[in-house]
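Trainee: Adding 9 to a residue's 1-based position in the sequence shown gives its number in the working numbering.
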Amino acid sequence: MPREIMFKAFSDPNHLEKWWGPEGFTNTFHEFDMRPNGIWRFIMHGPNGVDYENKSIFSEIIEPEKIVIHHLGPIHEFLLTITFAEKEGKTELIWQMLHKSVKECERVRSFCYEANEQNFNRLEAELTKMVN
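#1: Over the uninterrupted alpha helix (DSSP H) stretch that includes R44, give me the two end residues.
#2: Could you check whether F120 and R12 sit closer than 8 Å to each other, using their CB atoms as the reference points?
#3: Just to confirm the assignment: which complete alpha helix (DSSP H) runs, minimum length 4, are found wholly within the segment 74-124?
#4: Note down, in chain order, each residue of its chain lying with its Cβ closer than 6 Å to the Cβ of H108, except the 5 sequence neighbours on either side.
#5: Leaving out five residues on either side along the sequence, give the residues of the same chain with a beta carbon under 7 Å from the beta carbon of I70.
#6: Using a 10 Å radius around the Cβ and a threshold of 16 neighbouring Cβ atoms, would you call G30 buried or exposed?
#7: Out of V140, F16 and E26, point me to the one whose CA is closest to R73's CA.
#8: Here's the rule I'm using: 16 or more other beta-carbon atoms within 10 Å means buried, otherwise exposed. How should I78 be labelled?
#9: Here's the rule I'm using: 16 or more other beta-carbon atoms within 10 Å means buried, otherwise exposed. How should S110 be labelled?
#10: Answer yes or no: do I52 and T37 have a C-beta to C-beta separation smaller than 8 Å?
#11: My output table needs one value for N63: the three-state DSSP class, helix, strand or coil.
#12: Over what stretch of residues does the alpha helix (DSSP H) that includes M15 continue unbroken?
#13: Could you tell me if A134 is buried or exposed, where buried requires 16 or more neighbouring beta carbons within 10 angstroms of its beta carbon?
#14: Starting from the Cα of N130, find the closest Cα among I84, K27, S20 and I14 and give me that residue.
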């Protein structure tokens with residue numbers, strides 16, 4: 010997958026809202042200003058009917074190489090660095106979450122692992138639609 014297409018899946022809110030979050034979640038984006046210090050404000054609608062308000066600040070954008078996001082909650086706060094590395098004609102997605110403390114990381118580890126795996130499955134489905 011060319012990294013420009015993968016980067017677009019993250020940087021175009023029309024694509025991002027279709028795959029962001031665990032299985033069964035939908036999103037409503039209220040603000041998406043993808044530039045340093047820009048705000049991303051949205052609601053994740055859970056399959057159980059619960060809404061989760063989210064706010065993040067974009068810290069760094071290097072198109073099509075890297076996106077750094079400071080996620081401000083509600084369940085946990087972290088710094089997310091997403092790197093799109095070209096390797097032999099393919100794109101390696103590197104996803105690094107840095108939590109405020111080891112204690113917080115341990116608290117959300119199993120939830121984040123499972124949720125991110127579902128997130129990546131949804132991303133793969135959206136990327137397939139984008140190239141077909």
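All C-beta atoms in this analysis are idealised placements derived from N, C-alpha and C, irrespective of residue type, glycine included. Since this is a predicted model, take the numbers as computed values, not measurements.
Mentor: Per the coordinate set shown:
#1: No alpha helix (DSSP H) contains R44, which DSSP labels as neither H nor E.
#2: no
#3: none
#4: F87 and C114
#5: M43, R44, P45 and I76
#6: buried
#7: Before going further, note that residue 73 is Pro rather than Arg in the sequence given. Residue F16 is the option with its Cα nearest to P73.
#8: buried
#9: exposed
#10: yes
#11: strand
#12: R12 to S20
#13: exposed
#14: K27
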